[in-house]
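K.L.:
First, the structure itself, so that you have it in front of you.
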Amino acid sequence: MKRVHFIAIGGAVMHQLALALKRQGNIVTGSDDEINDPAKSNLGAAGLLPEKAGWFPEKITSEIDAIVLGMHAKADNPELLAAQSLNVPIYSFPQYVYEVSKNKKRVVVAGSHGKTTITSMIMHILKTQNIDFDYLVGAKVQGFNESVRLSDAPIIILEGDEYPASVIEKRPKIFFYHPHISVLSGIAWDHINVFPTYDNYRSQFEQYLVGIDANSPVFYNNKDEEVRNVMARSGGHLNGIPYSMPKYHYELDQAVLDTAKGPVPVSVFGSHNLLNMQAAISVCMELGISEEDCYKAIASFAGAARRLEKIFENKDVVAFRDFAHAPSKLKATLDAVREAWKDRTLIACFELHTYSSLSEPFLSHYTHSMDSADKAMVYFSHHALSLKGLPELDKQTVHKYFGREDLIVADEKQELEQTVKDLLKDARKPICLLLMSSGTFDGIDWNSVSSQ
């Protein structure tokens, strides 16, 4: 049993790690200046919700075995300063996850896109095969009660992230997991507030590969030219194993894999998701599961939250939401829906929500990314710009970068909601509504909108 204190316990992964450590029997405490749901409810149910919001350096004593420092804690955080003065060991969450998984076989899924889906698919196959394992994943996955599990299991599946680990540890989180098996799913510039140039961003993956032990298997996306180049430059000491697009076809709206053992209908769709499936199957076969059992298991995979998640369906409208926010993710998601629902009017709505997407210097990367949609909308919030300390944008500026004359741009929640309602009402054949954002469109109830 250890005493572990979380600075910024309210983070999406931070609070899940805190819950996992408590389930193991550790004494867990934490602080934060703001905690929202679902973290607030989850921590409250476990008895870990701080009594008051804020930072309380008196909570930090020499009896604490470890401090886990969250991403949004600043360098002058009073609790962090107290921990440093007392020489209490301080970890970012990836560093601490490594500390508690040193004796496990570690599988890390890295890359600019597809990480959550691939990790979720691996988890689903392992669970279906009754294999005991721990995990850390960035979304709610059907069939799993939490997004972090720690136990005595011999394997841990980790969704990797290239974002910095903490305010005092600027290196990417993936640097700290030291995988025995890894996936590199794709490379497309993101997080421009941290990685100001594409070369700087790409170099993080090169450094990640260099840090992996020789001869370790790395399954890499052979369709991605940049991934191939990075593997060639920095992965020569590794056992690089390419994965590629499987053969498949559609029967009505369902994707069917064409395998050597016969057709395998699956619940996910879109070429990028079927490519992700190949990565997951490759990892599971490396872990000792037969290819046939992998296909049997993956047939029942229903997806991760907000990854082409169906949120509404009636005879006229089917609506999906997706986490897509980077240009490559946006285009891949749109192409997937267009491919699977080709007989419907595709109405796509995208929210500029991340620091990168709200930055005018980055907007040019979105040119033609929404061309697959019959009707396309982009939404941004002036409040989001203010929170991120970014210069103001106007509709005309956003419009010009997407390279689509009929693009609709909205900057007010009510305007967005009414426009989507009007588009749904005016459509002349069955509709597929696709909602893409790493945010919430300022809390719009899309079930209500879709049912109008």
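Per my numbering, residue 230 is the first one in the sequence shown, and the count goes up by one each step. Ideal Cβ placement from N, Cα and C applies to all residues, glycine included. A quick note: this is a predicted structure, and the numbers were derived from the prediction, not measured.
1) Taking Cβ positions, are S341 and G273 nearer each other than 7 angstroms?
2) By Cβ distance below 6 angstroms, which residues in the same chain neighbour P556 in space, the five residues on each side in sequence not counted?
3) Which residue's Cα is closest to the Cα of I256: H301, K269, A275 and D266?
4) Can Y437 and I403 be called in contact, C-beta distance under 7 angstroms?
5) Taking the alpha carbon of N450 as the point to measure from, which residue in H407, A508 and A526 has its own alpha carbon closest?
6) When you compare only the Cα positions, how much space is there between H293 and V317?
7) Need the endpoints of the beta strand (DSSP E) that T562 sits in, please.
8) Per DSSP, what are the beta-bridge partners of R550 in this structure?
9) For the alpha helix (DSSP H) that contains L587, what are its first and last residues?
10) From the DSSP output, read off the bridge partner residues of E398.
11) When the Cβ atoms of the stretch 405 to 422 are set against those of the stretch 579 to 587, are three or more pairs found closer than 8 angstroms?
12) Would you list the residues sitting across from Y364 in a DSSP beta bridge?
13) What are the start and end residues of each continuous beta strand (DSSP E) run of 3 or more residues lying completely inside the stretch 308 to 349, in chain order?
14) Using only the alpha-carbon positions, how far apart do S496 and W570 sit?
15) So is L379 buried or exposed if we call it buried at 16+ other beta carbons inside 10 Å?
16) What residue does the alpha helix (DSSP H) around Y406 start on, and which one ends it?
17) Curious, which full-length alpha helix (DSSP H) runs of at least 4 residues does the stretch 465 to 495 contain?
18) Can you tell me which residues form a DSSP beta bridge with T258?
19) Measure the Cβ-Cβ separation of K333 and I386 and say whether it is below 7 angstroms.
P.N.:
Put simply:
1) Taking the first residue of the sequence shown as 1, we reach residue 341 at position 112. Taking the first residue of the sequence shown as 1, we reach residue 273 at position 44. Not closer than 7 angstroms, so no.
2) Here residue 556 corresponds to residue number 327 of the sequence shown, with the count starting at 1. These residues qualify, in order along the chain: H594, Y595 and S598.
3) Translated into the one-based positions of the sequence shown, residue 256 becomes position 27. Cα-wise, what sits closest to I256 is A275.
4) Counting from 1 along the sequence shown, the entry for residue 437 is found at position 208. Counting from 1 along the sequence shown, the entry for residue 403 is found at position 174. In this structure, I403 lies closer than 7 angstroms to Y437 by Cβ.
5) By 1-based counting over the sequence shown, the position of residue 450 is 221. The option with the nearest alpha carbon to N450 is A508.
6) Position 64 of the sequence shown, counting from 1, holds the residue named residue 293. Position 88 of the sequence shown, counting from 1, holds the residue named residue 317. Residue identity check: residue 293 is Ile in the sequence provided, not His. Between I293 and V317, the C-alpha separation is close to 7 angstroms.
7) For the purposes of this step, residue 562 is identified with residue 333 of the sequence shown, where counting begins at 1. That residue, T562, is in no beta strand (DSSP E); its alpha helix (DSSP H) goes P556 to A569.
8) The residue labelled residue 550 in the question sits at position 321 within the sequence shown. Beta-bridge pairing links R550 to E538 and L664.
9) Here the question's residue 587 lines up with position 358 in the sequence shown. No alpha helix (DSSP H) contains L587, which DSSP labels as neither H nor E.
10) Numbered from 1 along the sequence shown, position 169 holds the residue referred to as residue 398. In the DSSP output, where bridge partners are listed per residue, E398 has S395.
11) yes
12) Indexing the sequence shown from 1 puts residue 364 at position 135. R378 and I386, per the DSSP bridge assignment.
13) 319 to 321 and 334 to 339
14) Working through the sequence shown from its first residue, we reach residue 496 at position 267. Working through the sequence shown from its first residue, we reach residue 570 at position 341. Those two C-alpha atoms are separated by around 14 angstroms.
15) By 1-based counting over the sequence shown, the position of residue 379 is 150. By the 10 Å Cβ count, L379 comes out buried.
16) Translated into the one-based positions of the sequence shown, residue 406 becomes position 177. Per DSSP, Y406 belongs to no alpha helix (DSSP H) and is neither H nor E.
17) none
18) Taking the first residue of the sequence shown as position 1, residue 258 is located at position 29. According to DSSP, T258 bridges with H234.
19) Here the question's residue 333 lines up with position 104 in the sequence shown. Here the question's residue 386 lines up with position 157 in the sequence shown. No.
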